[in-house]
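Below is one structure, written out as structure tokens; the observations come after it.
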Amino acid sequence: MSPEVKKRVRALKRLILAEHEIKLRFNAEFHLLQLKYQKVYEPYINKQTDIIQGNHEPTKGEYSSSDEDDVQVPRYDELGKIGLESKETSRQEP
């Protein structure tokens, strides 16, 4: 290999190592964030499990008495899109 190519390869290796360090930090912070929100979600997940298994019968305050009030729950993969769409519309408004 020519000296110029060797320099490029070494520079690329350093960039890859720096990028790898960033990914490691990101993954560590992401894991901590997952743990934080797992604690927040836990009561809801436990309540859902109890309702599904029949261990808890919902009270009037936990459900709507009207059949026409069937709320459309967004799919999990659409949740991020909903947040992005609302941000985009707020930017467009003067």
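Just so we're aligned: the sequence shown equals residues 1 to 94 in the UniProt record's numbering. The beta-carbon is built from N, C-alpha and C at its ideal position, and this holds for glycine as well.
Proximity to residue i [Cα-Cα], best of the options
i     : options                    : result
ASN55 : ASN46, ASP77, TYR63, GLU62 : ASN46
TYR63 : LYS23, TYR41, LYS39, GLN48 : GLN48
Supposed close pair residue i, residue j - CB separation, criterion 8 angstroms
i     : j     : result
PRO58 : ILE51 : 6 angstroms
Classification of residue i by the beta-carbon crowding that lies within 10 angstroms, buried from 16 upward
i     : result
VAL5  : exposed
PRO94 : Because PRO94 carries a pLDDT of 48, less than 50, the predicted location of this residue cannot be relied on, and no value is offered for it.
* Taking only runs of the alpha helix (DSSP H) that begin and end inside the segment 3-86, which ones reach a length of at least 4 residues, in chain order? -> Restricting attention to alpha helix (DSSP H) runs no shorter than 4 residues, the segment 3-86 encloses them at 3-53, ordered along the chain.
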